[in-house]
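Beneath this line is the structure, given in structure tokens, with notes to follow.
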Amino acid sequence: MGNNLNMEKQQQIQVLTNLGWTDRAISRGTGINRGTVAKYRKTFQNRPEVPTDSAGDSEQNRPEVPADLPPLPTTNSTQIQPYTQTIRDALIQKLTAQRIYQDLVEEHGYTGSYDAVKRYARKLRKRVRGFADRLEHLPGREAQVDFGKATCRILIGGKWKRVWFFKMTLSCSKHAYEELVEKQDLETFLRCHEHAFAFFGGVPEIVTIDNLKAGVIEASLFDPILNETYLKFAMHWGFAANPCIPRRPEHKGVVERDVSYTKHNALDGKVFNSLEEANAYLRHWNKRWARTRIHGTTRCQVWKLFCDIERPRLRPLAQQPFVFFTVRVRKVDVNGCIEVKRGFYRVPPRLVGEKVVVHYNKQYVRIYSGGQLAIAHMRLERKGAVSDATQCLPKWKHPNLESQERYYCRKARDISPALNNLVYEILCTDDPLSIRRVRGILSVSKKYDKDVVESAARNTLVSSPVRFQKFRALCVKYATNPQTEENNSTLTQSHELIRSLNEYETLINERTSL
């Protein structure tokens, strides 16, 4: 052949020939000479049949090619020709070229190169197309949600920014709600849902969402794990959350197509001086153009279809807005506290060292263990503050100093009246060691009889300052010699240190005469 084309041009002629194009049309579309096109057409049409099975297989054992699949593209590689049908079957199963190559080597004894398999798989992908079924959507049944990157520019804080826009589309009528937002955090995501429900005047049965972290913690084909806050939000508004299958955005194709429509029809090339101005424009655009269009799928006006069949099927709105909260996991420290936003909150002592789930917002902090509410606190405003709760303290621990002092007085009163007075006098002082002194006195009191403790407390009380050592010594003294207390109870009338009454009289007279 005097005019040989490269492999890519040959494949292009073959594909167009199989599609029924004339030589003139192929020449006009590809720029290849019409005579060259005709020459290659004859070559393709007269190409000898190459068996696609191994030499030992018969025609009867060859599997039938489904009638709805396109014909296999040709290849000049003699190593690939026996496996063209196998490669196509593998591509239909969405296997990669690398995996197909490995299977051919392991299961069919393929000795060719990986590049040959890759080149033929690339040809096949142009012909083997995926199948997407068109689903019928019941009115009020489903809404689909997605975020898109806005193509307009908005002046925020003195800077021009490109923001996000939230989109919720009702699958049946294709009526939609749009809102421009600065971020995609969880609270913004939920508030946009609420605005959309209010815009529709009702709530659909199912909301299909993407696997973004605001809605789904762990994406899965069979058992996705929803964000706990989003799950509570769905229960509050009365809809079922339905995450789409991972890496399958076509499962919410209604809103995916609607996001593209909003970008190019409403936002392309637009400039706004504020976020409020941009959202006001979106509301005008929805009312003027989006809802009045004849949708290509339903062949009906969006607004008319919504009003006639979908709005009556929506569920009623919730009476109160959802109280937003954040969910976090915390480990209880050795002090029986958890930290939330630099504030400390006590939990029951049985949970020390364990992990708990915390729901918090600006009003409250709720702590859960094993799915049950363990304790609830009001949110602290001051950083570093500790929120105490009586039920979160061990039984042996007093909540404050006053409670501890009352406890010691009560114990002393149960032992003896004099000991109660002694303890009370000690606690009334400003001595920082008074609590420790009282503990020592009560500890010693347990070892002796009530009479001994009463006598020791009465005699300790008259001395100043009151000392623990003196009380203990008196207890030992009275316990060893009980008569000592009786002797101390009678007054001594005569002693070498006691002066006579005559001497006192003389002294008094001398001082008065002066």
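Residue numbers are given in this note's numbering: position 297 of the sequence shown equals residue 297, and the series is strictly consecutive. We treat Cβ as the ideally placed atom computed from N, Cα and C, and that holds for glycine.
Quiz item: Nearest to T390 by CA position, among I309, H377, R382, is which residue?
Solution: For this step, residue 390 is matched to residue 390 along the sequence shown. Checked all of I309, H377, R382; the closest Cα to T390 is H377.
Quiz item: Hey, which unbroken runs of the alpha helix (DSSP H) at 4 residues or more fall wholly within the segment 89–139?
Solution: 97–108, 114–125
Exercise. Could you check if M235 is buried or exposed, using at least 16 other CB atoms within 10 Å of its CB as the buried criterion?
Key: As a first step, residue 235 must be located in the sequence shown, where it is residue number 235. Answer is exposed; the Cβ neighbour count stays below 16.
Practice problem: Name the two residues that bound the continuous beta strand (DSSP E) containing H236. | Solution: Residue numbering aside, residue 236 sits at position 236 when the sequence shown is read from its first letter. No beta strand (DSSP E) holds H236; the alpha helix (DSSP H) holding it covers 228–237.
Quiz item: What residue from A116, R382, E405, L231 has the CA that sits closest to K362's CA?
Solution: As a position in the sequence shown, residue 362 is number 362, starting the count at 1. Ranking the options by Cα distance to K362, first place goes to R382.
Exercise. Note down, in chain order, each residue of its chain lying with its Cβ closer than 7 Å to the Cβ of V203, except the 5 sequence neighbours on either side.
Key: Taking the sequence shown and counting its residues from 1, one reaches residue 203 at position 203. F197, W237, G238, F239, L314, R315, L317, listed in sequence order.
Quiz item: So, helix, strand or coil for C531, using DSSP?
Solution: Nothing can be reported for residue 531: it is not among the residues displayed for the chain, which extend from 1 to 514.
Quiz prompt | Reduced DSSP category for V255 - H, G, I as helix; E, B as strand; rest coil | solution = Taking the first residue of the sequence shown as 1, we reach residue 255 at position 255. V255: helix per DSSP, three-state reduction.
Self-check item: C-beta atoms of T208 and K167 nearer than 8 Å
Solution: Against the sequence shown, residue 208 aligns to sequence position 208. Against the sequence shown, residue 167 aligns to sequence position 167. The answer is no: Cβ separation not under 8 Å.
Exercise. Could you spell out where the alpha helix (DSSP H) holding V453 opens and where it closes?
Key: As a first step, residue 453 is located in the sequence shown; it is residue number 453 there, counting from the start. That run of the alpha helix (DSSP H) goes 450–461.
Quiz item: Contact check, L419 vs A457 under 8 Å by CB: the rounded distance?
Solution: One-based indexing of the sequence shown puts residue 419 at position 419. One-based indexing of the sequence shown puts residue 457 at position 457. The pair is a contact, with the Cβ atoms about 4 Å apart (cut-off 8 Å).
Quiz item: Below 8 Å, can you find three or more Cβ-Cβ pairs linking the segment 133–152 to the segment 87–104?
Solution: no
Practice problem: Could you pull out every unbroken alpha helix (DSSP H) segment of at least 4 residues lying fully inside the segment 373–449, listed in chain order? | Solution: 401–415, 417–427, 434–445
Quiz item: Helix or strand or just coil, what does DSSP make of K149?
Solution: Counting from 1 along the sequence shown, the entry for residue 149 is found at position 149. If DSSP states are grouped into helix, strand and coil, K149 belongs with the strands.
Quiz item: Using CA coordinates, which residue listed in Q11, I415, W285 is at the minimum distance from Y127?
Solution: The residue you call residue 127 lines up with position 127 of the sequence shown. Reading off the sequence shown, one finds Arg at residue 127, where the question assumed Tyr. Among Q11, I415, W285, the Cα nearest to that of R127 belongs to Q11.
Exercise. Could you tell me the distance, in whole angstroms, from the CA atom of I309 to the CA atom of N6?
Key: Reading the sequence shown from its first residue, position 309 is the one you call residue 309. Reading the sequence shown from its first residue, position 6 is the one you call residue 6. The straight-line gap from Cα to Cα measures roughly 58 Å.
Quiz item: Looking only at C-alpha atoms, which of E182, H175, C337, E405 sits nearest to I294?
Solution: Counting from 1 along the sequence shown, the entry for residue 294 is found at position 294. Cα-wise, what sits closest to I294 is H175.
Practice problem: Answer yes or no: do S369 and V356 have a C-beta to C-beta separation smaller than 8 Å? | Solution: The residue you call residue 369 lines up with position 369 of the sequence shown. The residue you call residue 356 lines up with position 356 of the sequence shown. Contact flag set, yes.
Quiz item: Going by DSSP, what residues sit across from T169 in a beta bridge?
Solution: For this step, residue 169 is matched to residue 169 along the sequence shown. Per DSSP, Q144, A176.
Quiz prompt | Nonlocal neighbours in the same chain, by C-beta distance under 6 Å from G440, ignoring five residues either side | solution = Here the question's residue 440 lines up with position 440 in the sequence shown. Result list for G440: F468, in chain order.
Quiz item: From F324, N279, D223, pick the residue whose C-alpha is nearest to that of L186; which is it?
Solution: Sequence index remark: in the sequence shown, residue 186 carries index 186 (1-based). Among F324, N279, D223, the Cα nearest to that of L186 belongs to F324.
Practice problem: Using DSSP bridges, identify the partner residues of R515. | Solution: Since the first and last residues shown for the chain are 1 and 514, residue 515 lies out of range.
Self-check item: Where V462 falls, given that 16 or more other Cβ within 10 Å makes a residue buried
Solution: By 1-based counting over the sequence shown, the position of residue 462 is 462. Exposed, by the Cβ-count rule.
Practice problem: For my contact list, W303 and R291 are in at a C-beta cut-off of 8 Å; report their separation, rounded to the angstrom. | Solution: Position 303 of the sequence shown, counting from 1, holds the residue named residue 303. Position 291 of the sequence shown, counting from 1, holds the residue named residue 291. The Cβ separation is near 4 Å, so the contact holds.
Self-check item: Euclidean distance between Cα positions of R162 and I156
Solution: Position 162 of the sequence shown, counted from the start, is the residue given in the question as residue 162. Position 156 of the sequence shown, counted from the start, is the residue given in the question as residue 156. Going from the Cα of R162 to the Cα of I156 covers about 10 Å.
Practice problem: Confirm, please, whether the CB-CB distance from L226 to Q184 is below 8 Å. | Solution: Along the sequence shown, read from residue 1 onward, the residue named residue 184 stands at position 184. Along the sequence shown, read from residue 1 onward, the residue named residue 226 stands at position 226. Their beta carbons are not under 8 Å apart, which means Q184 does not touch L226 by this criterion.
Practice problem: Verify whether the separation of the beta carbon atoms of G336 and C244 is less than 8 Å. | Solution: In the sequence shown, counting from the first residue as 1, residue 336 sits at position 336. In the sequence shown, counting from the first residue as 1, residue 244 sits at position 244. No, the Cβ-Cβ distance between G336 and C244 is not below 8 Å.
Exercise. Return the Cβ separation of I100 and I87 in integer angstroms, given the expectation that the two are a contact with Cβ distance under 8 Å.
Key: Counting from 1 along the sequence shown, the entry for residue 100 is found at position 100. Counting from 1 along the sequence shown, the entry for residue 87 is found at position 87. Correct: roughly 6 Å between the Cβ atoms.
Quiz item: Starting from W289 and walking both ways along the beta strand (DSSP E), at which residues does that stretch end?
Solution: Indexing the sequence shown from 1 puts residue 289 at position 289. Unbroken run through W289: none, as it is neither H nor E.
Quiz prompt | Reduced DSSP category for A219 - H, G, I as helix; E, B as strand; rest coil | solution = The sequence position of residue 219 within the sequence shown is 219, counting from 1. It is coil, neither helix nor strand.
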